[in-house]
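Just so we're aligned, residue 2 is where the sequence shown starts under this note's numbering, counting upward by one.
Heads up, the beta-carbon is just placed ideally off N, CA and C, and yes, glycines get one too.
Bear in mind the structure is a predicted one, so any value in this text is a computation, not a measurement.
Presented below is the structure to which this report refers.
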Amino acid sequence: VIACVMGVWVSLSVRSDYVPRVTLIAMAGATTIGLALMAPYFAYVFRFLEPGNIITRIQRDAVRVARVGSQARSNEAASNAQGTTLAAMEELTDLTSNSISGKDKIIASQAVDALRDFTLEYLRFKQRATEGWFDIGEAIRKNPDFVAMDPESLADLAARRTWVEWKVMRQYLGIYNEALTSMRDINYLIAIDTRYLGEAAAKHGDSDLVQLVLRYMNSYLRATLNARDVRTAYNVLNQYRLLVEALLRAGRGAEALMATGHMKYYGHVSFDMKLSFVTETVAYDVGALCQLAHELGVVEEDALLRAFLDIDRPSHERSEELALKGVRKAQVKLAAYFLEAGRDDRARLIYDDMAGEPGSRLRAIRDELERVETKDF
């Protein structure tokens with residue numbers, strides 16, 4: 002502004018017989034200072050508008066509002082905080098969806114991780130929240146994801162105290178379906194972040210949240226199998242297995258057994274869909290869980306082994322026979338572990354389960370296993 006005023010003054014002062022040198026020097030100096038001051042301002046603006054920083058601010062603001070709202074004593078204050086928290090989560094989802102449409106994997110990944118970070122931070126103060134925070138307020142009832150739910154389901158969310166986590170999982174599922182087959186890395190990231198939430202729920206002793214996480218893991222698998230996306234199913238199953246392993250280590254054997262039953266079910270579904278590789282993957286994952294259960298000495302070990310032996314189904318079709326061979330290879334692998342661990346009784350259970358197998362198939366399995374020279378392959 003000073004430079005402009007001085008510029009006008011100079012334009013009025015300069016004549017053919019007179020040049021105000023001091024004024025010109027002062028104007029040039031003011032202009033230089035003004036331009037120098039503009040540099041940090043524009044740097045701040047560009048930094049402020051950087052997508053990653055916007056995502057971080059939304060996530061931090063959501064945590065702050067949720068923390069204050071969870072301690073609110075009045076229902077009105079809690080309801081207002083609920084609405085602001087929901088809006089922040091949906092804003093992060095919109096950023097992810099737009100990034101997927103624009104093939105911007107980096108921003109989409111940051112937004113997905115922001116939802117995870119928000120939820121993990123929320124779980125740290127959730128147990129200290131007032132009851133009013135978990136009531137289904139007016140802002141929640143008007144939200145599109147909740148408005149179609151029947152009153153009984155809304156009451157169930159309030160009783161389980163999981164409306165925040167349910168909303169996050171709902172957002173994750175929408176993003177997952179949108180990215181399926183078009184941006185697989187986002188699907189993998191959602192499965193990883195969902196596992197983190199499940200592990201945190203086990204750590205905080207939140208059984209309702211553990212069950213919610215398992216339910217959405219199942220939804221991911223179902224959507225993936227419907228799309229016949231074998232590669233994504235393989236990666237989601239890997240995260241599913243790691244989550245169940247965490248449950249076993251946390252002493253939550255009953256929930257681990259329930260999750261293993263879900264994995265077995267999807268092994269059967271993929272078997273019927275003739276996705277033999279997925280069925281074989283389930284067999285190896287459940288076999289690894291049986292091995293871990295034995296090492297930890299959990300009481301659900303026998304039930305896990307029974308589930309493992311129930312994955313295969315007899316068939317005379319060649320495509321399904323390949324799947325059965327893969328399952329049998331996983332069973333032979335586990336039986337070898339039991340023999341090495343001195344548990345011949347458990348190895349005998351696997352032997353009895355395979356008693357009706359044709360000798361040609363067993364010899365083929367043995368030959369294939371003997372040819373393996375690296376665990377990575």
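Endpoints, the alpha helix (DSSP H) within which residue i is located
i	result
Asp313	Premise fails: Asp313 is in no alpha helix (DSSP H) and is neither H nor E.
Ala156	Pro152 to Arg161
Gln83	Asn76 to Ser102
Gln128	It is not in any alpha helix (DSSP H) - Gln128 carries neither H nor E in the DSSP assignment.
Ala348	Asp345 to Asp354
Lys168	Trp164 to Ala180
Ser220	Ser208 to Asn227
Asp105	Segment: none, Asp105 is in no alpha helix (DSSP H) and carries neither H nor E.
Residue i classed as buried or exposed, judged by whether at least 16 other C-beta atoms fall within 10 angstroms
i	result
Arg372	exposed
Gln128	exposed
Glu51	exposed
Val148	exposed
Thr375	exposed
Ala289	buried
Gly268	buried
Ser277	buried
Lys104	exposed
Glu200	buried
Asn144	buried
Thr33	exposed
Tyr352	exposed
Leu370	exposed
Glu153	exposed
Supposed close pair residue i, residue j - CB separation, criterion 8 Å
i	j	result
Leu158	Asp230	Rounded, the Cβ-Cβ distance is 30 Å, inconsistent with contact.
Ala203	Ala260	So it is not a contact: roughly 11 Å between Cβ atoms.
Arg171	Asp207	With a Cβ gap of about 18 Å, Arg171 and Asp207 do not count as contacting.
Tyr221	Ala192	6 Å
Leu93	Leu116	6 Å
Asn178	Ala109	That pair is no contact at about 14 Å.
Val287	Met264	6 Å
His295	Ala337	Contact flag wrong, Cβ pair sits at about 13 Å.
Glu246	Leu190	Actually they are not in contact, since the Cβ atoms of Glu246 and Leu190 sit about 20 Å apart, beyond 8 Å.
Tyr217	Tyr173	7 Å
DSSP-derived helix/strand/coil call for residue i
i	result
Glu374	coil
Gln60	helix
Ser361	helix
Gly138	coil
Val299	coil
Gly252	coil
Gln72	coil
His205	coil
Ala149	coil
Asp230	coil
Leu276	coil
Ser183	coil
Lys330	helix
Glu51	coil
Lys143	coil
Ala192	helix
Ala342	coil
Ser320	Only weak support exists for where Ser320 lies, its pLDDT of 45 falling under 50; the value from the coordinates is given anyway. Three-state result, Ser320: helix.
Cut-off 7 Å between Cβ atoms - residues of its own chain near residue i, not counting five sequence neighbours on either side
i	result
Arg68	Phe126
Asp62	Ala89
Val328	Thr280, Glu281, Ala284, Ile312 and Asp313
Ala82	Val66, Ala67, Val69, Gly70 and Ala73
Gln111	Gly53 and Ile56
Gly133	Ala73, Asn76 and Ala79
Thr163	Asp209, Leu210 and Leu213
Residues near residue i by beta carbon distance below 6 Å, same chain, minus five either side
i	result
Ser320	Low confidence applies to Ser320: its pLDDT is 45, below 50, so where it sits in the model is not reliable, and the reading given next is rough at best. For Ser320, where only same-chain residues beyond five positions count, the Cβ hits under 6 Å are Lys275.
Ile176	Thr97
Leu198	Thr120 and Val214
Thr86	Ala63, Val66 and Ala67
Arg347	Phe339
Ala140	Ser80, Gln83 and Gly84
Glu91	none
Arg161	Asp209
Cβ-based neighbour list, residue i, same chain, cut-off 8 Å, excluding 5 preceding and 5 following
i	result
Cys291	Glu302, Leu305, Leu306, Phe309 and Leu335
Lys106	Ser100, Met184, Asp186 and Ile187
Leu258	Glu301, Ala304, Leu305 and Ala308
Ile366	Lys326, Arg329, Lys330 and Val333
Asp345	Phe339
Arg232	Arg185
Gly297	Correcting the residue type first, residue 297 is Leu in the shown sequence and not Gly. The answer, listed in chain order, is Leu249 and Arg250.
9 Å Cβ cutoff, residue i in contact with chain B
i	result
Val283	Note that chain B does not occur in the displayed structure, where there is just one protein chain.
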